[in-house]
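Under the numbering used here, the first residue of the sequence shown is numbered 100, with each subsequent residue one higher.
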Amino acid sequence: MVMEKALYEQLVKELSDNGVTLVAVSKTKPVEDIRLLYDYGQLDFGENYVQELTDKQPVLPQDIRWHFIGHLQRNKVKYIAPFVFLIHGVDSLKLLKEINKEAAKHNRVISVLLQVHIATEESKFGFDEKELEDSLQEAAALKNVAIKGLMGMASFTEDQHQVAAEFRVLKALYDRFGPSHAFSILSMGMSSDYRLAITNGSTMVRIGSLLFGARNYG
Ligand SMILES: *Cc1c(COP(=O)(O)O)cnc(C)c1O
Numbered sequence: 100m101v102m103e104k105a106l107y108e109q110l111v112k113e114l115s116d117n118g119v120t121l122v123a124v125s126k127t128k129p130v131e132d133i134r135l136l137y138d139y140g141q142l143d144f145g146e147n148y149v150q151e152l153t154d155k156q157p158v159l160p161q162d163i164r165w166h167f168i169g170h171l172q173r174n175k176v177k178y179i180a181p182f183v184f185l186i187h188g189v190d191s192l193k194l195l196k197e198i199n200k201e202a203a204k205h206n207r208v209i210s211v212l213l214q215v216h217i218a219t220e221e222s223k224f225g226f227d228e229k230e231l232e233d234s235l236q237e238a239a240a241l242k243n244v245a246i247k248g249l250m251g252m253a254s255f256t257e258d259q260h261q262v263a264a265e266f267r268v269l270k271a272l273y274d275r276f277g278p279s280h281a282f283s284i285l286s287m288g289m290s291s292d293y294r295l296a297i298t299n300g301s302t303m304v305r306i307g308s309l310l311f312g313a314r315n316y317g
């Protein structure tokens with residue numbers, strides 16, 4: 100069930116009043132649902148799986164800005180390099196170099212966010228502070244990627260204080276490295292914690308289930 104238009108507009112207003120961009124996370128959802136939201140005026144959509152994204156992209160309006168928000172394997176970069184708008188979850192220098200290489204083949208500069216590991220869970224991906232610093236330095240030589248900022252995922256917990264603390268860690272890194280690297284995007288916040296993320300400095304939220312209804316998987 101896609102959110103009603105009036106509620107969507109209310110959400111978008113709340114976000115834009117705070118200078119925050121909405122990425123509608125459409126993973127596992129059919130193209131009909133995406134088109135509904137597109138008809139409301141939504142242009143930024145996020146997907147987690149390369150195969151699903153490359154299936155959907157050709158059959159939907161070409162002015163959609165596709166965000167890749169999942170864990171990207173290096174051998175799959177080539178499939179999304181021709182059209183992807185922003186890759187959120189870059190978590191290694193090797194991956195960054197691969198994106199740079201594939202972007203060059205298409206004469207593109209692909210925008211990316213570096214993912215920072217802020218959760219206490221082992222399973223979440225991302226750089227720590229030192230790796231982030233080193234990678235930013237090395238990335239200066241890569242001409243076909245533009246690092247626009249940082250992305251992070253908080254722990255899966257009911258503890259709002261912990262989630263807020265994790266968001267603050269990410270914001271502090273954004274403030275530390277942002278000015279010298281011309282960052283403009285801090286991607287943090289999902290359906291359950293987007294308000295907390297905005298309070299703590301998010302400029303881009305990735306919202307799925309709130310817009311599209313609960314997922315069966317993914
Ligand atoms: C699925 C997903 C989201 C959206 O999650 P919801 O809780 O449905 O809003 C956001 N970010 C990432 C990286 C995701 O995988």
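Quick reminder that beta carbons are idealized off the backbone N, C-alpha and C, glycines included. A quick note: this is a predicted structure, and the numbers were derived from the prediction, not measured.
Between the C-alpha atoms of Ala240 and Phe276 there is a straight-line separation of about 17 Å. Between ligand 1 and Val189, a heavy atom-to-CB distance of less than 7 Å is absent.
Per DSSP, the beta-bridge partners of Thr120 are Met303. Glu265 sits close to Ala218, with the two beta carbons spaced by under 8 Å. Residue Ile306 holds the alpha-carbon nearest to the alpha-carbon of Asp292 among Leu285, Thr302, Ile306 and Asp233.
For the pair Phe182 and His166, the CB atoms are not nearer than the 8 Å cut-off. Check the Cα spacing between Ala253 and each of Ser301, Ser279 and Ser283: the tightest is with Ser301. Per DSSP, Val211 lies in no alpha helix (DSSP H); the unbroken beta strand (DSSP E) holding it starts and ends at Ile209 to Val215.
At least one heavy atom of ligand 1 sits closer than 7 Å to the Cβ of Ser290.
Counted as a single uninterrupted DSSP element, the alpha helix (DSSP H) harbouring Ser234 occupies residues Glu228 to Ala238. From the listed residues Asn199, Ser222 and Tyr107, the smallest Cα separation to Glu237 is found for Asn199. Annotation: Phe226 to Asp138 spans about 37 Å, alpha carbon to alpha carbon.
In this structure, Ile284 sits away from Asn243, with a CB-CB distance that is not shorter than 8 Å.
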